[in-house]
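Going from the sequence shown to this note's numbering is simple: count from 1 and add 1.
Here a beta-carbon is modelled for each residue, glycine too, at the ideal position from N, C-alpha and C.
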Amino acid sequence: MKNFTETVSTTSQPVLASENLGWDKLKVSQWYSPQQAFSPSPEPKYLVGIHCTAYYENYYTIHITPCNESLLCPWGKTSLYFLNIEITPSVIEEVARESGFLTEGHIQLDRKFHVKDSKLLQLGLWMLEELQNGGAKGKIYSDSLSNMLIIHLLQHYSSVIPQHSSGKTLANQEIFRVIQYMRENLEEDAPLTELAAKANMSQSHFIRVFKQQTGFTPHHYLIRLRIERSKFLIRSGKVGLKEIAAQVGFADQGHFTRVFKRETGLTPKLYAYQISAKPGSMSE
Numbered sequence: 002m003k004n005f006t007e008t009v010s011t012t013s014q015p016v017l018a019s020e021n022l023g024w025d026k027l028k029v030s031q032w033y034s035p036q037q038a039f040s041p042s043p044e045p046k047y048l049v050g051i052h053c054t055a056y057y058e059n060y061y062t063i064h065i066t067p068c069n070e071s072l073l074c075p076w077g078k079t080s081l082y083f084l085n086i087e088i089t090p091s092v093i094e095e096v097a098r099e100s101g102f103l104t105e106g107h108i109q110l111d112r113k114f115h116v117k118d119s120k121l122l123q124l125g126l127w128m129l130e131e132l133q134n135g136g137a138k139g140k141i142y143s144d145s146l147s148n149m150l151i152i153h154l155l156q157h158y159s160s161v162i163p164q165h166s167s168g169k170t171l172a173n174q175e176i177f178r179v180i181q182y183m184r185e186n187l188e189e190d191a192p193l194t195e196l197a198a199k200a201n202m203s204q205s206h207f208i209r210v211f212k213q214q215t216g217f218t219p220h221h222y223l224i225r226l227r228i229e230r231s232k233f234l235i236r237s238g239k240v241g242l243k244e245i246a247a248q249v250g251f252a253d254q255g256h257f258t259r260v261f262k263r264e265t266g267l268t269p270k271l272y273a274y275q276i277s278a279k280p281g282s283m284s285e
């Protein structure tokens with residue numbers, strides 16, 4: 002197997018990509034070949050590659066690469082298409098806790114090469130179809146596909162590291178406790194000094210460990226938590242947008258709208274429209 006950096010094409014662009022479709026749990030892109038698909042990234046992320054060499058059954062292979070591990074290219078040269086799916090550790094952790102896969106400790110995806118998994122393939126193909134349709138089925142559909150794929154990965158390709166297995170995991174647990182505090186106090190803008198103190202770390206060490214673990218700065222992670230909570234409140238249909246903005250810690254509805262669109266690609270009202278039969282019931 003060759004080291005991937007020997008074969009990557011730095012000028013390649015994806016055939017299709019989800020970045021402009023508001024998919025916020027993961028990123029999906031279609032390429033002509035796996036050799037084109039990857040570029041160096043400062044942020045840790047899991048990579049799931051689905052390589053199809055023909056339309057016939059079993060003419061595909063899937064590879065799962067954990068964060069911060071060297072990228073190798075063990076695929077063959079013939080390609081019909083290649084799907085690259087990128088997922089951050091924070092999303093894996095969030096879905097794992099929300100769906101009951103993780104109550105304590107740390108969870109990670111395992112490195113797997115040449116996987117034959119028809120369900121994982123089908124989820125990837127549905128994502129490809131939605132890319133080809135320009136996201137026509139909406140945010141609810143893409144979120145459902147994302148959740149199903151992540152849960153499938155957690156069910157079959159993950160390992161839980163016990164809380165006290167290593168010093169690194171203990172540091173992770175301190176970060177998880179801070180994240181839980183952030184979840185429970187979304188309306189507050191706790192200063193970094195306070196968050197670092199809760200993790201029993203210096204401020205500089207806290208920022209470094211937090212980003213290593215989640216892929217985001219503490220501030221950006223708090224923003225993502227606020228956006229996820231606001232989406233839940235919008236889906237409930239019981240709270241107006243102005244009140245949602247106040248509940249999740251934004252200065253006002255205008256600030257909420259700007260940040261929501263930056264993070265999801267949609268305004269809160271458009272997101273509400275996509276999930277509600279009566280969008281006019283939402284606050285202006």
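{"Asked": "C-beta contact flag for N85 and L48 at 8 Å", "Found": "yes"}
{"Asked": "Secondary structure, alpha helix (DSSP H): runs of 4+ residues fully inside the stretch 167-211", "Found": "168-185 and 193-199"}
{"Asked": "Contact the stretch 125-139 vs the stretch 94-110: 3+ CB pairs below 8 Å", "Found": "no"}
{"Asked": "Where the alpha helix (DSSP H) through N148 begins and ends", "Found": "G139 to H157"}
{"Asked": "Cβ-based neighbour list, T265, same chain, cut-off 6 Å, excluding 5 preceding and 5 following", "Found": "G23 and D25"}
{"Asked": "Neighbour-count burial assignment, H220, 16 or more Cβ in a 10 Å radius", "Found": "exposed"}
{"Asked": "Collapsed DSSP secondary structure at K46 in the structure displayed", "Found": "coil"}
{"Asked": "Alpha-carbon to alpha-carbon, H157 and I176", "Found": "26 Å"}
{"Asked": "As assigned by DSSP and simplified to three states, the class of K279", "Found": "Reliability fails at K279, whose pLDDT of 42 lies under 50, so the model's placement of it is uncertain and the value that follows must be treated cautiously. Residue state, collapsed to three classes: coil."}
{"Asked": "Reduced DSSP secondary structure (H/G/I, E/B, other) of E20", "Found": "coil"}
{"Asked": "Minimum C-alpha distance to K150 - residue among S237, V29 and H256", "Found": "What sits at residue 150 in the sequence shown is Leu, not Lys. Ranking S237, V29 and H256 by Cα distance to L150 puts V29 first."}
{"Asked": "The stretch 192-210 / the stretch 230-247 touching (three or more Cβ pairs under 8 Å)", "Found": "no"}
{"Asked": "Unbroken beta strand (DSSP E) run spanning T66, endpoints", "Found": "Y61 to T66"}
{"Asked": "Near the ligand ATP: R225 beta-carbon under 7 Å from a heavy atom", "Found": "Of ligands this structure carries none, so the ligand ATP is not represented either."}
{"Asked": "Cβ-based burial, Y272 [other Cβ within 10 Å; buried from 16]", "Found": "buried"}
{"Asked": "Which residues DSSP lists as bridging F39, in chain order", "Found": "In the DSSP output, where bridge partners are listed per residue, F39 has none listed."}
{"Asked": "Distance, Q109 Cα to L154 Cα", "Found": "10 Å"}
{"Asked": "8 Å Cβ cutoff met for E185 and Q248", "Found": "no"}
{"Asked": "Separation of E44 from S205, as counted between CA atoms", "Found": "18 Å"}
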